[in-house]
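J.: Counting from 1 along the sequence shown, just add 6 to a position and that's the residue number in our numbering.
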Amino acid sequence: MYERITLESPLGPRVRIGGKEYDYFCGTSYYCLHGHGRLIRAACEATRKYGLGPATGWDMPPLREVEELAAGFFGTPAAKYIVSGYLGNFFLVHALRDEYDVIFVDVVSHYSVFDAVRSVGKPVHSFPHRDPNGLGEALKRHLRPGQVPLTITDGVFPVTGAMAPLRDYAELLSPYGGILCVDDSHGVGVLGASGRGSLEHWGVEVERCYLAGTLSKAFGGFG
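(1) The beta strand (DSSP E) with H131 in it runs from where to where?
(2) Roughly how many whole angstroms lie between the Cα atoms of S191 and G227?
(3) Less than 9 Å separating the beta-carbons of R147 and V114?
(4) Under the rule that 16 or more other beta-carbon atoms within 10 Å means buried, what is T12, buried or exposed?
(5) How is F31 classed by DSSP in three states: helix, strand or coil?
(6) Quick one, are the C-beta atoms of F133 and V111 less than 9 Å apart?
(7) For R202, is the classification buried or exposed, using 16 other Cβ atoms within 10 angstroms of its Cβ as the cut-off for buried?
(8) At the level of alpha carbons, what is the spacing between D174 and T82?
(9) Output the distance between the C-alpha atoms of F96 and L172, rounded to the nearest integer angstrom.
(10) Can you tell me whether DSSP reads D104 as helix, strand or coil?
(11) State the CB to CB distance for the pair Y92 and L156, rounded to an integer number of angstroms; the pair is presumed to be in contact (CB under 8 Å).
(12) Cα separation between A76 and R54?
(13) Hey, which unbroken runs of the alpha helix (DSSP H) at 4 residues or more fall wholly within the segment 138-199?
(14) Compare the C-alpha of R214 against each of E143, A144, S180, P67 and name the closest.
(15) Going by alpha carbons, who is nearest to A84 out of A224, L149, A218?
(16) Among Y37, I23, S35, which residue has its Cα nearest to the Cα of E9?
(17) Express the C-alpha separation of M66 and L149 in angstroms, rounding to a whole number.
(18) Here's the rule I'm using: 16 or more other beta-carbon atoms within 10 Å means buried, otherwise exposed. How should V119 be labelled?
(19) Among P19, P68, A168, G78, which one has its Cα closest to the Cα of Y30?
(20) Taking 8 Å as the limit between beta carbons, can you name the residues of its chain near C48, skipping five residues before and five after?
(21) In three-state DSSP terms, what is Y87?
(22) Quick one: give me the first and last residue of the beta strand (DSSP E) that I23 is part of.
(23) Note down, in chain order, each residue of its chain lying with its Cβ closer than 8 Å to the Cβ of I88, except the 5 sequence neighbours on either side.
What follows is the structure, given as structure tokens:
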């Protein structure tokens, strides 16, 4: 039977579980920023100033600020913050749905990726894990003349830590005018010379490339 483990302290090198102290070597708070004093103080200050939320569809200054900071950090024209990292892929494939015809997805992608692509109502084809040749063959097999593909994959696969060969995928998609979407939840803040993630790590700079990440891992936040 599954045993629920309750964390009774902020994340750090030592944590408290079940009334006992343990060394902490797990989880996805890669820099242990979730328990960092400056972040906690900033969160408390923002909560005192703005409350816990607008309870409407309105924007608030912290929301605008985090989107502007994200766009500046990743060097993109814009960024969109949503409350759940799980929904990032859903947001991408639906926002872009008029720009592509067929979806190609790595067979080992995170279940949030598969939930997203199955919801959009477009043909979906999987290709072998981290296999550019397999993707190339799938593109030739399933695309009709004039159709535009969208390929979506994890940047870093969470169970193994393996990285998708994004540069190869971008080169394969280019002749089709295709779109590359990357769930880089485990790459942003960790990979790349500036911490911008898998795309920076591989040196991929293509106009039709979109990134879904999360603040809830390396960045020590939420959403």
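Using N, Cα and C, we set each Cβ at its ideal position, and we do this for glycine too.
Only a predicted model underlies this, so the values are computations on that prediction, with no experimental measurement involved.
T.: Considering the structure as presented:
(1) On the sequence shown, residue 131 is found 125 positions in, with the first residue counted as 1. H131 -> beta strand (DSSP E) spans 130-133.
(2) Counting from one through the sequence shown, the residue named residue 191 turns up at place 185. Counting from one through the sequence shown, the residue named residue 227 turns up at place 221. One C-alpha to the other measures close to 12 Å.
(3) Along the sequence shown, read from residue 1 onward, the residue named residue 147 stands at position 141. Along the sequence shown, read from residue 1 onward, the residue named residue 114 stands at position 108. No, the pair does not count as a contact, with Cβ atoms beyond the cut-off.
(4) The count along the sequence shown starts at 1 and reaches residue 12 at position 6. Its Cβ having fewer than 16 others within 10 Å, T12 is exposed.
(5) Your numbering for residue 31 matches position 25 in the sequence shown. F31 falls in the coil class under three-state DSSP.
(6) For the purposes of this step, residue 133 is taken as the residue at position 127 of the sequence shown. For the purposes of this step, residue 111 is taken as the residue at position 105 of the sequence shown. Yes, these two residues count as a Cβ contact at 9 Å.
(7) As a first step, residue 202 must be located in the sequence shown, where it is residue number 196. The residue in question, R202, is buried, as its Cβ has 16 or more Cβ neighbours within 10 Å.
(8) One-based indexing of the sequence shown puts residue 174 at position 168. One-based indexing of the sequence shown puts residue 82 at position 76. Distance between the alpha carbons of D174 and T82 is about 21 Å.
(9) As a working mapping, residue 96 is identified with position 90 in the sequence shown. As a working mapping, residue 172 is identified with position 166 in the sequence shown. In a straight line, the C-alpha of F96 is about 20 Å away from that of L172.
(10) Within the sequence shown, numbered from 1, the residue matching residue 104 stands at position 98. D104 falls in the helix class under three-state DSSP.
(11) As a position in the sequence shown, residue 92 is number 86, starting the count at 1. As a position in the sequence shown, residue 156 is number 150, starting the count at 1. Going by Cβ atoms, the distance from Y92 to L156 rounds to 19 Å, so no, they are not a contact pair.
(12) Position 70 of the sequence shown holds residue 76. Position 48 of the sequence shown holds residue 54. Taking the straight line from one Cα to the other gives about 24 Å.
(13) 138-148, 172-179
(14) The sequence position of residue 214 within the sequence shown is 208, counting from 1. Among E143, A144, S180, P67, the Cα nearest to that of R214 belongs to S180.
(15) Residue mapping note: residue 84 aligns to position 78 of the sequence shown, counting from 1. If we check each option's Cα against that of A84, A218 comes out closest.
(16) Along the sequence shown, one-based indexing puts residue 9 at 3. Residue I23 is the option with its Cα nearest to E9.
(17) On the sequence shown, residue 149 is found 143 positions in, with the first residue counted as 1. On the sequence shown, residue 66 is found 60 positions in, with the first residue counted as 1. Spanning the two alpha carbons is a distance of roughly 43 Å.
(18) Residue mapping note: residue 119 aligns to position 113 of the sequence shown, counting from 1. Answer is buried; the Cβ neighbour count reaches 16.
(19) One-based indexing of the sequence shown puts residue 30 at position 24. Checking every option, the nearest Cα to that of Y30 belongs to P19.
(20) As a position in the sequence shown, residue 48 is number 42, starting the count at 1. Note that residue 48 corresponds to Ala in the displayed sequence, not to Cys. So no residue of the chain qualifies.
(21) Along the sequence shown, one-based indexing puts residue 87 at 81. If DSSP states are grouped into helix, strand and coil, Y87 belongs with coil.
(22) Looking up residue 23 in the sequence shown gives position 17. Segment 20-23, the beta strand (DSSP E) holding I23.
(23) For the purposes of this step, residue 88 is taken as the residue at position 82 of the sequence shown. Hits under 8 Å: G94, F97, G229.
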